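Asker:
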Amino acid sequence: MEHTVSEAEALALARGGDASAFGLLVQEHQQAAFRAAYLVLHDAQAAEDVAQEGFVRAYRQLHRFREEQPFRPWLLRIVINLAMNETRRRKRGLALLERFGRQPLRQEPGPERVAMATEASRQVWEAINRLGEDDRVILYLRYFLELSEADMARAIGKAPGTVKSRLHRAGRRLRAVIEKEYPHLRMPDD
């Protein structure tokens, strides 16, 4: 008879050094970790690398994980922080290239553009990408990863009230970009 290991059991075993138990957690959360990294980086290979590094860091820091909290938001916080660090590192690299008079390499459109079936979807995606990094991350967590406000708070390490106000402000900023750049996308009741 095969016993299915719960997340709490897997975490307890992993804390005790059982790498195969942590492997179960990786299997359960690898898609969410990749998606979170990809939504920040827009680069599948970099997102894969960041998600993998996120799991390595999570494993090394299991002693810091609070058992009464869900694992997924804690892991996503690690992954998002790594992805944001990678974004900043890339921007510094591009700035350095520009400083020395070289043109930065053109990036090919990411798979998200290919996946967007309609022009309106593509334009909404563009509007989101015009926002600042903090606004994009909060919108990604809520609408693309479908996290609750409580899980979002854990994922970014902020109070739920802060998350709620950031989400509201990000929504207002997105609406302003859409009204200015893509007025035809406005909903009739907006």
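Add 944 to a position in the sequence shown, counting from 1, and you land on the number used in our numbering.
Each residue gets a CB set at the ideal place from its N, CA and C atoms; glycine is no exception.
Just so you know, these numbers come straight off a predicted model, no measurement behind them.
Taking one C-beta from the segment 988-999 and one from the segment 1025-1032 each time, how about it: are there three or more such pairs within less than 8 Å?
Answerer: Output reads yes: the segment 1025-1032 touches the segment 988-999.
Asker: Going by the CB atoms, is the gap between A1099 and L1118 shorter than 8 Å?
Answerer: Their beta carbons are not under 8 Å apart, which means L1118 does not touch A1099 by this criterion.
Asker: Report yes if the C-beta distance between A976 and A965 is below 8 Å; otherwise report no.
Answerer: No. Outside cutoff.
Asker: Can you tell which of L1089, L1083 and V1068 has the C-alpha that lies nearest to the C-alpha of L974?
Answerer: The sequence as given places Gln at residue 974; Leu does not occur at that position. Measuring from the Cα of Q974, the nearest candidate turns out to be L1089.
Asker: If you draw a straight line from the C-alpha of G1115 to the C-alpha of L1006, how long is it?
Answerer: Roughly 34 Å between the two C-alpha positions.
Asker: Helix, strand or coil, according to DSSP, for R1074 in the structure here?
Answerer: Of the three classes helix, strand and coil, the one that applies to R1074 here is coil, per DSSP.
Asker: Output needed for M945: all residues of its chain with C-beta closer than 8 Å, excluding positions within five of it in sequence on either side, in chain order.
Answerer: Bear in mind that the predicted position of M945 carries a pLDDT of just 36, short of 50, making it too unreliable to give a figure here.
Asker: With DSSP run on the structure shown, which of helix, strand or coil describes P1127?
Answerer: Three-state DSSP puts P1127 in a helix.
Asker: Please go through the same chain and pick out, in chain order, the residues whose beta-carbon is closer than 8 Å to the beta-carbon of T1031, but skip the five residues on each side of it.
Answerer: These residues qualify, in order along the chain: V984, L985 and E1077.
Asker: Where does the unbroken alpha helix (DSSP H) through F966 begin, and where does it stop?
Answerer: First-last of the alpha helix (DSSP H) with F966: A963 to L985.
Asker: What are the boundary residues of the alpha helix (DSSP H) that V1000 is part of?
Answerer: Counting along the chain, the alpha helix (DSSP H) containing V1000 begins and ends at A988 to R1004.
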